[in-house]
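Peer 1: Just so we're aligned, residue 277 is where the sequence shown starts under this note's numbering, counting upward by one. Note that CB positions come from ideal geometry on N, CA and C, so glycine has one too. Computed from a prediction, not measured in an experiment: that's the story for all the values here. If you scroll down you'll find the structure; I have some questions about it.
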Amino acid sequence: MKSSPRLWAGFAIPGTTWLLVLFAIPFYAVACVAFGTLDPIFRDAIPQWNPLAWDFTQARQIFASLATGPLRGVAVRTVLYVACAMAICFLIGFPIAYFLARHAGKRKLLLLVLIIVPFWVNYLMRMLAWVNLLSNDGLFTRFMRIFGVNYNWLDGSPITVVLGLVYGYIPFLILPLYATLERLDWRLIDAARDLGANSRQAFRLVTVPMSKAGLVAAGILIALPMFGDYYTNDLLSRSPSTEMIG
């Protein structure tokens, strides 16, 4: 029996309405403010509700500053920080997701809970905890001094900002990768091994191509919020030398 298009359209109405009310309308309101005008006296933003009358002058100035002006260094720095953080996330997160999907067995549920637990704590509170750990009297700093490493982690350090981004967003990479890898047909990997491929060849020629969609989705899922992240730098660095676009 074929399903009725009207039935599925009816099911889609609540979700579509929800997205329209909570995403499209607020986004339109923000655009009206961004492309509106400024009060000549108080310099307050005046929203322009008519899209045909939007003023893109300030937007063009901002993009020009990002391309060739004073904000170019900030833009390049942001791209480098996000690229480094994404690379570290993949280097750490993919093996974890692979282990969960392939070898975790009965421990899978416990390990997934441990990965999800940080979501129960506000991101700001987790970053403040790292501030305490990395301060001059922090536990991590004192521990590193035992090995002769005397480093001021919170004094405009790019390493601290990148590692803060990794810590904050790596769970968002592990979970979609795990969901993708769990659905793989592992018999194909076993078949590749039977046909003479070693572990590296099977991983490169079979596992990675079959999980490409999950890799792309996970990368986008962490890259977008990283580009808009501003409080990680503000909390862990507080230095103009590590300032990001967000």
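(1) Please classify ILE322 as buried or exposed, where buried requires at least 16 other C-beta atoms within 10 Å of its C-beta.
(2) Alpha carbon to alpha carbon, how far is PRO346 from GLN337? Give it in angstroms, no decimals.
(3) Output the boundary residues of the alpha helix (DSSP H) element that contains MET403.
(4) Do LEU441 and TYR357 have their CB atoms nearer than 8 Å?
(5) Using 8 Å for Cβ pairs, my map puts SER517 next to VAL437. What's the rounded Cβ distance?
(6) If I follow the unbroken alpha helix (DSSP H) through ARG421, where does it start and stop?
(7) For ASP505, count neighbouring Cβ atoms within 10 angstroms of its own Cβ and tell me buried if that reaches 16, exposed if not.
(8) Can you tell me which of the three DSSP states LEU314 falls into?
(9) Pairs of beta-carbons, one from the region 408 to 425 and one from the region 480 to 488, closer than 8 Å: are there three or more?
(10) Exposed or buried, what is ILE317 when buried is set at 16 or more other beta-carbons lying within 10 Å of its beta-carbon?
(11) Nearest by alpha-carbon distance to MET401: which of GLY444, TRP325, ARG348 and ARG319 is it?
(12) What's the gap between the Cα of CYS308 and the Cα of LEU295?
(13) Using the Cα positions of ASN428 and MET520, report the straight-line distance between them to the nearest angstrom.
(14) Can you tell me which of the three DSSP states ILE498 falls into?
(15) Might you give, ordered along the chain, the residues of its own chain that have their beta carbon closer than 8 Å to the beta carbon of GLY369, omitting 5 neighbours on each side?
(16) Cutting at 7 Å between CB atoms, please list the residues of its own chain near MET362, excluding the five before and the five after it.
(17) Take ILE465 and list the residues in its own chain whose beta-carbon comes closer than 7 Å to its own, dropping the five residues that flank it on each side.
(18) For ALA373, list the residues DSSP reports as bridge partners.
(19) Could you round the C-beta distance between MET403 and THR508 to whole angstroms and report it? I think they count as a contact, below 8 Å.
Peer 2: A quick look at the data gives this:
(1) exposed
(2) 11 Å
(3) Start and end: 399 to 410.
(4) yes
(5) Between VAL437 and SER517 the Cβ distance is about 10 Å, and since that is not below 8 Å, they are no contact.
(6) 415 to 422
(7) ASP505 should be labelled buried.
(8) strand
(9) no
(10) exposed
(11) GLY444
(12) 19 Å
(13) 20 Å
(14) Looking at ILE498 - three-state DSSP - the assignment turns out to be helix.
(15) Correct list, in chain order: ILE446, LEU449, ILE450, LEU453 and ALA494.
(16) Hits under 7 Å: GLY495, ILE498 and ALA499.
(17) ALA478, VAL482 and THR483
(18) ALA373 is not bridged to any residue.
(19) 6 Å
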